[in-house]
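In order, the protein sequence lines correspond to chains A and B.
Position one of the first sequence corresponds to residue 129 (my numbering), numbered consecutively onward.
Position one of the second sequence corresponds to residue 333 (my numbering), numbered consecutively onward.
Take a look at the structure set out below.
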Amino acid sequence: KEICSISAFKKLCQLFNNFTDYHTPLFDEDGDSFSIENTFRGADWRGKDCNDLNPKIYPGRLTSSDAVVDSNCNGIVGIDPASNKSYEELWCNGTMAMGTILLGDSAGAHFHIPPSWLTAKELNTDTYSDLLTILENELDWPMLSFVTGFQTTEKWKKDIQGPVDSTYLKMRTLNRCNHRDYQNIGVNGARSSSMKELVKFLARHRLLDKPVMATIELLGNDVCSGHEDTSHMTTPEEYYNNMHYVFEYLDSALPVGSVVFATGLVDGRILYDTLHSNIHPIGSTRGDVTYSDFYDYLNCLEISPCFGWMNSNETWRNLTSDRALELTQTMEKLIKETKYQNITVLYMPVPLHQVFDTWKGDKADLIEPVDGFHPSQITNALVANVTWQYIRDTYPDIVPPENPYNELIQKKFGDQGGY
Amino acid sequence: IDGGTKCAGCVVIVALVEQLSFIYNETVADSLARFCSYLPPEIDIACQFVIKTYGPSIIDLLEDNETPDTVCYGIEFCKKYDKSKKMCHLFPLPPSHFKDETERVTRLVTKAKGKSSSPFP
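What follows is the structure, given as structure tokens:
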């Protein structure tokens, strides 16, 4: 604080605060909340800026022309000589292009610690080579997540493997005008009370940008903490008020026509039921540490992300699930009771449950091996599919139509500037 | 409690060093150097600092067949603030050695301090 009061450091402090407190990019020359750097809440989290010196150029911007400049960074720019109209006008206008947004917790940001980091027999000079990059992303992998994933795991194959699928990729396949139009506002530890602040870090202008399909998922932190008492759990009344506030804010901030899908909480008993007798990576050399030991150790130190579910005591696990169910019912009730002026808010059952119910293999493959808490890469891809299927089946009118010009766009603009 | 994340971080790193020594059948000192060599150059200086400061104690305690948990209590990354509470441990404790955990931890700290050639911060 003292350093920040010195004028020479003010700008630096402000940049750092943007990153730590506001979850916006650390490196963002023009202040439009989009960056040309990948990490530090940059392009891995929000579509890559294609001009970081002009605040009027960023992904998701509503434009009717882009004859000379690609103002929404979707890679579609220029004039068709035959019609003398811009390609954006010909191939994107009126195609119901929409951005994809996640508001959520570490599951939405895709928290992952490479298991090789804790497996002695796999350690070598390459093991920690991505350590700093991974820390710059807060141990999250939004670029591989179920809502905003856009990469393959090829680049990261020693740290993470598995398929990648996401709502964003589905939206982009439907309409290539949606290229780069994604934002992941997932924050480790986020719960309904903190979401009231986090929602304000969305970079979406109500009048200047395209509408969005947003997903709100807060899977467990409202009932999870490292502490052994229920006073740290959100009550149904608090939850109702917090989420009502979030939806009202979105109603006032998002472009008209935006859709918000909100889920409830998971039943985290699946974690202990699946993993308790399995060996944790840190115990893999001698087979001497089970997940049950690991959970109890974190609880003993009071550093567990979820005392209630990551617990060898069944009473605690049941009690935590009871409150989670109450909060899920509260979310359903809130959505049923309330109508919003500019946006549509819809309830979506937690897709994770369907993924676990239908998975034919070892359920342990669906859970992150190091933390024994988060959904794995496989789960992320499956959740994206289940979510999309649910949206198509339940709300067919919500899914925008396929852009008939997709092929022409691909032929003319290739990878549209990539990521 | 008992050092929280600092304690857990210590236990994980000491465990990896101990397991490397087991896997490669080498001394703890060599495993400690091996572990540091695996880290990116940007944090190598931090690793060298840890070796200088805590290396002798970690080596002595692990070579005395202490577990990663007790080593970290020994070098005071884990601290037992409430003596009435049980010691937090990730790895199994050797039961015959653990009649009085508090006494054992105190003894370890004293031993680690005595054997270390570097001052504890």
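Ideal Cβ positions, reconstructed from N, Cα and C, are used throughout, including at glycine.
With 7 Å as the threshold, decide whether the Cβ of residue i is near any Cβ in chain B.
i	result
GLU430 (chain A)	yes
TYR425 (chain A)	yes
THR148 (chain A)	no
GLU522 (chain A)	Glu is not the amino acid found at residue 522 (chain A); the sequence shown has Thr there. Taking Cβ atoms only, chain B never reaches closer than 7 Å to THR522 (chain A), which makes this a no.
Could you name the residues of the same chain whose beta carbon sits closer than 8 Å to that of residue i, not counting the 5 residues immediately before and after it, in chain order?
i	result
ASN406 (chain A)	THR418, TYR419 and ALA492
LYS324 (chain A)	ASN370, TYR373, VAL374 and TYR377
LYS213 (chain A)	ILE207
GLN279 (chain A)	MET271, LEU272, VAL292 and TYR547
ARG174 (chain A)	PRO153, SER161, PHE162, SER163, PRO187, TYR310, GLN311, ASN312 and ALA331
Short of 7 Å in beta carbon distance, which residues of its chain neighbour residue i, apart from the five on each side in sequence? Order them along the chain.
i	result
ASN265 (chain A)	THR167 and ASP172
PHE541 (chain A)	GLY203 and ILE204
GLU356 (chain A)	PHE435
CYS220 (chain A)	ILE204 and CYS305
VAL483 (chain A)	LEU494, THR507, LEU510, VAL511 and VAL514
ALA235 (chain A)	GLU345, LEU347, HIS502 and PRO503
Less than 7 Å between CB atoms is the rule here; does residue i satisfy it with respect to chain A?
i	result
GLY336 (chain B)	yes
ALA340 (chain B)	yes
TYR405 (chain B)	no
ILE345 (chain B)	no
PRO372 (chain B)	yes
PRO424 (chain B)	yes
ARG436 (chain B)	no
PRO451 (chain B)	In this prediction, PRO451 (chain B) scores a pLDDT of 42, lower than 50, which makes its location untrustworthy; no coordinate-derived value is stated.
THR442 (chain B)	no
Tell me the DSSP bridge mates of residue i?
i	result
PRO503 (chain A)	A:ILE495
VAL387 (chain A)	A:MET341 and A:THR472
GLN311 (chain A)	A:ARG174 and A:ILE229
LYS213 (chain A)	A:ASP208
ILE407 (chain A)	A:THR418
PHE168 (chain A)	DSSP output for PHE168 (chain A) lists no bridge partner at all.
ASP521 (chain A)	Beta-bridge pairing links ASP521 (chain A) to no other residue.
ASP268 (chain A)	A:PHE239
ARG121 (chain A)	This structure gives no information on residue 121 (chain A), because the portion of chain A shown stretches from 129 to 547.
ARG189 (chain A)	A:ASP337
Could you give the residue range of the beta strand (DSSP E) that holds residue i?
i	result
ASN439 (chain A)	No beta strand (DSSP E) holds ASN439 (chain A); DSSP gives it neither H nor E.
LEU230 (chain A)	227–232
Can you tell me where the alpha helix (DSSP H) holding residue i begins and where it ends?
i	result
LEU348 (chain B)	336–355
PHE454 (chain B)	Here chain B covers residues 333 to 453 and nothing more, so residue 454 (chain B) does not appear.
ARG414 (chain A)	It is not in any alpha helix (DSSP H) - ARG414 (chain A) carries neither H nor E in the DSSP assignment.
TYR289 (chain B)	Any question about residue 289 (chain B) goes unanswered here, given that chain B covers just 333 to 453.
CYS132 (chain A)	130–133
SER322 (chain A)	320–326
TYR413 (chain B)	It is not in any alpha helix (DSSP H) - TYR413 (chain B) carries neither H nor E in the DSSP assignment.
PHE371 (chain A)	Correcting the residue type first, residue 371 (chain A) is Met in the shown sequence and not Phe. MET371 (chain A) -> alpha helix (DSSP H) spans 364–381.
GLY387 (chain B)	376–395
VAL196 (chain A)	Careful: VAL196 (chain A) lies outside any alpha helix (DSSP H) and carries neither H nor E.
ASP485 (chain A)	479–486
LEU536 (chain A)	534–541
In chain order, what residues of the same chain lie with their CB nearer than 6 Å to the CB of residue i, ignoring the 5 residues before and after it?
i	result
MET224 (chain A)	PRO528
CYS456 (chain B)	With chain B running from 333 to 453 in the structure shown, residue 456 (chain B) is simply not present.
ALA361 (chain B)	ILE391
ARG304 (chain A)	ASN534 and ILE537
PRO453 (chain B)	For PRO453 (chain B), the predicted model reports a pLDDT of 38, less than 50, meaning its position is unreliable; a value from the coordinates is still stated below. Within the same chain, PRO453 (chain B) has no close Cβ partners at all.
SER363 (chain B)	VAL349, LEU352 and SER353
GLY415 (chain A)	ILE407
Could you please tell me which residues of the region 238–261 of chain A, in chain order, have their CB closer than 8 Å to any CB of chain B? LEU246, ALA248, LYS249, LEU251, ASN252, THR253, THR255, TYR256, SER257, LEU259 and LEU260
Residues of the region 347–368 of chain B whose Cβ lies closer than 7 Å to any Cβ of chain A, in chain order: ALA347, LEU348, GLN351, LEU352, PHE354 and ILE355
Residues from the region 403–417 of chain A in contact with chain B, defined by Cβ distance under 7 Å: ILE410, THR413, ASP416 and VAL417
Against chain A, which members of the region 376–391 of chain B pass a CB distance test of less than 8 Å? none
Between the region 482–510 of chain A and chain B, which residues of the former have CB atoms less than 8 Å from a CB of the latter, in chain order? none
Taking a Cβ distance cut-off of 8 Å, strictly less, list which residues of the region 164–196 of chain A are near chain B, in chain order. none
Check distances from the C-beta atoms of the region 132–145 of chain A to those of chain B and list, in chain order, the residues that come in under 8 Å. none
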